[in-house]
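There are 2 protein chains.
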Amino acid sequence: MRDIRVALWGLGAMGSGIAKMIASKEGLALSGVCVRRDHLVGQEVYAYLGIDRGDRDPVFITNKIEDIVRRDLCDIVVLATDSFVETQFDKIMFCLERGVHVLSIAEEMAWPWAQNEELADKIDALAKMRGVSVLGTGINPGFVLDYLILALSGTCEHVESISAARVNDLAPFGKSVMVEQGVGISIDEFKRRMEEGSLSGHVGFPESMSMIAEGMGVALADIEETRDPIISNVDRKSAHGEAKKGNLAGIRQQSYGRLANGKVFIHLDHPQQICPEDEGVNTGDYVTIRADGYDMNLSIVPETPGGIGTIAMAVNMIPHVIGAKPGLRSMLDLPVPRCILGNYAEQIHQERDHRYRRGELVSVETVILPVGERAPQVPDDTKRTPLRAFTKGFLQEESATRGDLVTVRTMSDRLVTGTVSDLPISPTHTFGHSVPELTAVHRQVFELMFGGESK
Amino acid sequence: MRDIRVALWGLGAMGSGIAKMIASKEGLALSGVCVRRDHLVGQEVYAYLGIDRGDRDPVFITNKIEDIVRRDLCDIVVLATDSFVETQFDKIMFCLERGVHVLSIAEEMAWPWAQNEELADKIDALAKMRGVSVLGTGINPGFVLDYLILALSGTCEHVESISAARVNDLAPFGKSVMVEQGVGISIDEFKRRMEEGSLSGHVGFPESMSMIAEGMGVALADIEETRDPIISNVDRKSAHGEAKKGNLAGIRQQSYGRLANGKVFIHLDHPQQICPEDEGVNTGDYVTIRADGYDMNLSIVPETPGGIGTIAMAVNMIPHVIGAKPGLRSMLDLPVPRCILGNYAEQIHQERDHRYRRGELVSVETVILPVGERAPQVPDDTKRTPLRAFTKGFLQEESATRGDLVTVRTMSDRLVTGTVSDLPISPTHTFGHSVPELTAVHRQVFELMFGGESK
């Protein structure tokens, strides 16, 4: 089975982690890396990441995306470049135009219909036309405050309300995160920076809310989002941040999804601060579902790690994106994410191979002319392909699955030996997909030749 | 949108719960109920369950399964009858023969390949031939000790080992469970009854183990299962059970999935006893995944309720079974289970409706002859169907989705008004599926007419 060839667009903290994870896995091959920063261009990526390249081909970092996103070079592109659908839209469309699958860790792509319905529709239409799939995923949105809640709710008959929190610690992060998240600033400074919009925060509440609502068939009338200062009652200090008593240890971001009657159906809570344990707060992921008159309380303590979690979700979903129906997909309709320890390529065939029994009609493949024995006058790409024949017949062996070497007896009584193929026994015929461009050409030709009003 | 018609086979504790849940949901209709116990036959099921029937048609309990499992009467059969694949096999095949989808809560059906590969293959082959799907699910196996573990592992790069426990309390159960589970017996009695095989226990460890291993692409060399007495250190007493100090409070069932090197990769633990809190043990579902050098600790306290959980999983998965690819499916390849609060039938269309834009080629449906205006000489079933026409043309409205009333301009410049259909623009032709029976008939006819050796 051929490895899945993955091109990577973006080589920041997430992109580098994804590259390292791909390099550590069976059945995945890094086929190209594209960055924006010029100083990386030309470097060999395994050397840059400090990974032993082994017997793999070297991969040189480029800033020319058109050199690596090509159907003959890669199967899927992992986009680790943006947080927003709008800023990533052109990149996604570029990849789809070139007929490759797309997996994005942009937060808004986890449920792009939430705030970018028109762009989502365009992505969906192009993906379907090119016969490829698109998925947005990550640890959050993508898992903790949406997928995990949905999965847990599956064990409930009737859910009355949902409340979930992701409590994490910013202490491990660097100086820039401290500044962006307002660690250590005063309440007045917080108010000023809220007004000027210079505080960053979690992206993805509307996406998580909408995914939950859509999955459960609930109509949310309103999604509210709030940000409040977390004022420290003690002096807190981390490697790169410091919050004196009375100043901000961080910011608490919350979201309320309300039903038409005004009742809060979903409450999501995401306080981000340094050293929460200094005030007795345990980091963790917490979900409470009120259902059928009882509460379900799920906790993951400490919280699922953010960086590793997003990297792992992205890489672990690769085979499921490739195996999905063409179009813009979501975590709602793909198979359960799981850590794959075996061959990733084998996980694409969700279908367990059918075991044919003696006497069953199967299709076997035989190679008439292998590569190297093709006629000299055929084109080069034909030369690189064996000439194969497919024959239907009744299996002579006790049992067999795809790939087994078997003998079949055809309807005209010939005995043919070949490998069991997965070609369907019953043929299907099409004239290909409708091509809108050809319709336009048809009209133009019609106009030129016969005149008349444009339709 | 039409309701999903659900036939129910089995009306014990689980079956009754499933019937009640179906009755409480939008988009689901109970189409028939079949039981083994004669004294229920003929009773009206809503009255029997103590549910207000409202304006629904009465459903009379039958013991003739052939009267309710018919493609014109139901879309899916929920089987709440057995724990084992072998004992349920004929029932499943009966339903598939009749072309309806099947959802089973038999524990072994959660991963039927684990211990019944040949039967599973037969189920898969027949389901594919009839174009319907089969799923086994429940709270455990089906969720707690397999699906939940897999989903959590999706956030990990590399998993080293998995350890999970489901700790529950038998106190709410009746006398028969106390006897079956050995509550209150002595250690000698436990040994004797283990030998005679008269202690019941959890069914599903091999299934959970195999589902996890398959999902993660891990080969387990060996799956061991153990049963040990839980000897009480205090006197415990529940409504129907009593365990004196020194006797059994219950039984601890464990399973170890080992790799080829002998290392335990998965450890599942399921102690079942009365009043565990008497010795400070909290009931709950606990998962620890050792990954990338850290532990992930998930807990659900108290444990997900067993009865409600199985009922809810079964009903909540109904739309996903109907929407699945034909064949024997598992929780590994279906969409995430979630509590559906809206219309169940709407959840079958995982596909979000495409939004067509002005000028796009769409297919619209118009009714030529509605029901009631069909010609008098046509057969009865034809009379019950409107005569419809499908027309392709360019959308005149700004935008539209399936079901909208729109006007299109055809290639020959006609203006046609109709509702947007989901008929594909590009036609596909087949000669139907291969029918093995016809191949056999072909041979027989050939033999009779021309003689010769049988192939």
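Here the protein sequences line up with chains X and A, keeping their order.
According to numbering that gives the first Met the number 0, the first sequence is numbered sequentially starting from 0.
According to numbering that gives the first Met the number 0, the second sequence is numbered sequentially starting from 0.
All C-beta atoms, glycine included, are put in the ideal place defined by N, C-alpha and C.
Check whether the Cβ of residue i lies closer than 8 Å to any Cβ atom in chain A.
i, result
"isoleucine 3(X)", "no"
"phenylalanine 449(X)", "no"
"threonine 303(X)", "yes"
"isoleucine 310(X)", "yes"
"serine 298(X)", "yes"
"aspartate 56(X)", "no"
"glycine 214(X)", "yes"
"asparagine 342(X)", "yes"
"aspartate 291(X)", "yes"
"aspartate 81(X)", "no"
"isoleucine 230(X)", "no"
"isoleucine 17(X)", "no"
Take residue i and list the residues in its own chain whose beta-carbon comes closer than 6 Å to its own, dropping the five residues that flank it on each side.
i, result
"isoleucine 222(X)", "Pro205, Met208, Gly256"
"glutamate 252(A)", "Looking at the sequence itself, residue 252(A) is glutamine, so the reference to glutamate does not match. Hits under 6 Å: Gly200, His201, Arg226, His269."
"valine 101(A)", "Val76, Ile91, Cys94, Val133"
"arginine 356(X)", "Ser398"
"serine 453(X)", "Any reading at serine 453(X) must be qualified, since the residue scores a pLDDT of 48, below 50, and its modelled position is unreliable; the value itself is stated next. Correct list: empty, nothing qualifies."
"alanine 467(A)", "Residue 467(A) is absent from the model: chain A starts at 0 and stops at 454."
"threonine 416(X)", "Thr406"
"glycine 31(X)", "Ala6, Ile67"
"proline 140(X)", "Glu106, Ala109, Gly203, Glu206, Ser207"
"glycine 9(A)", "Ala79, Thr80"
"arginine 387(X)", "Glu364, Val366"
Can you confirm whether residue i, when its beta carbon is compared against all beta carbons of chain X, has any partner nearer than 8 Å?
i, result
"glutamine 443(A)", "no"
"arginine 354(A)", "yes"
"methionine 13(A)", "no"
"alanine 124(A)", "yes"
"glutamine 114(A)", "no"
"methionine 208(A)", "no"
"glutamate 96(A)", "no"
"cysteine 338(A)", "yes"
"proline 334(A)", "yes"
"glutamate 345(A)", "yes"
"valine 217(A)", "yes"
"isoleucine 64(A)", "no"
"isoleucine 307(A)", "yes"
"leucine 118(A)", "no"
Just list the residues that DSSP pairs residue i with in beta bridges.
i, result
"aspartate 380(A)", "Paired residues: none, contrary to the question."
"serine 209(A)", "DSSP output for serine 209(A) lists no bridge partner at all."
"proline 270(A)", "Arg251(A)"
"tyrosine 293(X)", "Ala290(X)"
"glutamate 224(X)", "Ser254(X)"
"glutamate 364(X)", "Phe389(X), Thr418(X)"
"valine 77(X)", "Leu7(X), Leu102(X)"
"isoleucine 161(X)", "Ile265(X), Ile288(X)"
"asparagine 167(A)", "Gln271(A)"
Short of 8 Å in beta carbon distance, which residues of its chain neighbour residue i, apart from the five on each side in sequence? Order them along the chain.
i, result
"alanine 290(A)", "Ser152, Cys155, Glu156, His157, Val158, Glu159"
"valine 370(X)", "Lys382, Arg383, Thr384, Pro385"
"isoleucine 230(A)", "Ile186, Gly245, Asn246, Leu247, Ala248"
"methionine 410(A)", "Lys391, Gly392"
Kindly list the residues whose CB is nearer than 7 Å to the CB of residue i, restricted to its own chain and excluding five residues on each side of it in sequence; keep chain order.
i, result
"threonine 418(A)", "Val363, Glu364, Gly402, Asp403, Leu404"
"serine 69(X)", "In the sequence as displayed, the identity of residue 69(X) is arginine instead of serine. Arg97."
"proline 301(A)", "Thr282, Gly283"
Within the chosen definition, does the stretch 156–174 of chain X reach the stretch 294–310 of chain X through at least 3 CB pairs nearer than 8 Å? Yes, the stretch 156–174 of chain X is in contact with the stretch 294–310 of chain X.
Inspect the CB distances between the stretch 182–197 of chain A and the stretch 341–348 of chain X and report whether three or more fall short of 8 Å. Judged by pairs of C-beta atoms under 8 Å, the stretch 182–197 of chain A does not touch the stretch 341–348 of chain X, as fewer than three such pairs exist.
If contact means a Cβ-Cβ distance below 8 Å, which residues of the stretch 408–440 of chain A contact chain X? So the close ones are Arg408, Met410, Asp412, Ile424, Ser425, Pro426, Thr427, His428, Thr429, Phe430, Gly431, His432, Ser433, Pro435, Thr438.
May I ask you to list, following chain order, the residues of the stretch 137–170 of chain X that have a beta carbon less than 9 Å from some beta carbon of chain A? Using a CB distance below 9 Å, the part of the stretch 137–170 of chain X facing chain A consists of Ile138, Phe142, Val143, Tyr146, Leu147, Ile148, Leu149, Ala150, Leu151, Ser152, Gly153, Thr154, Cys155, Glu156, His157, Val158, ordered along the chain.
Is the stretch 308–321 of chain X in contact with the stretch 5–18 of chain X, if contact means three or more CB pairs nearer than 8 Å? Using a C-beta cut-off of 8 Å, the stretch 308–321 of chain X makes contact with the stretch 5–18 of chain X, since at least three inter-stretch Cβ pairs fall below that distance.
Do the stretch 327–336 of chain X and the stretch 37–51 of chain X make contact, defined as three or more Cβ pairs closer than 8 Å? No, because fewer than three Cβ pairs between the stretch 327–336 of chain X and the stretch 37–51 of chain X fall closer than 8 Å, the two stretches do not touch.
Are at least three pairs of beta-carbons, each pair with one atom in the stretch 114–131 of chain X and one in the stretch 311–328 of chain X, less than 8 Å apart? Between the stretch 114–131 of chain X and the stretch 311–328 of chain X there are three or more C-beta pairs closer than 8 Å, enough to call the two in contact.
Do the stretch 133–145 of chain X and the stretch 96–110 of chain X touch if we need at least three Cβ pairs shorter than 8 Å? The stretch 133–145 of chain X and the stretch 96–110 of chain X touch, with no fewer than 3 CB-CB distances between them shorter than 8 Å.
Contact between the stretch 316–325 of chain X and the stretch 191–198 of chain A is defined here as three or more beta-carbon pairs at a separation below 8 Å; is this criterion met? Short answer: they don't touch.
Please list, in chain order, the residues of the stretch 312–328 of chain A that have any C-beta partner in chain X closer than 7 Å. Residues Met312, Asn315.
Can you find at least 3 beta carbon pairs, one from the stretch 210–218 of chain X and one from the stretch 230–240 of chain X, that sit closer than 8 Å? Contact between the stretch 210–218 of chain X and the stretch 230–240 of chain X is absent, with fewer than three C-beta pairs closer than 8 Å.
Report the residues of the stretch 225–259 of chain A with a CB closer than 8 Å to any CB of chain X, ordered along the chain. So nothing in the stretch comes that close.
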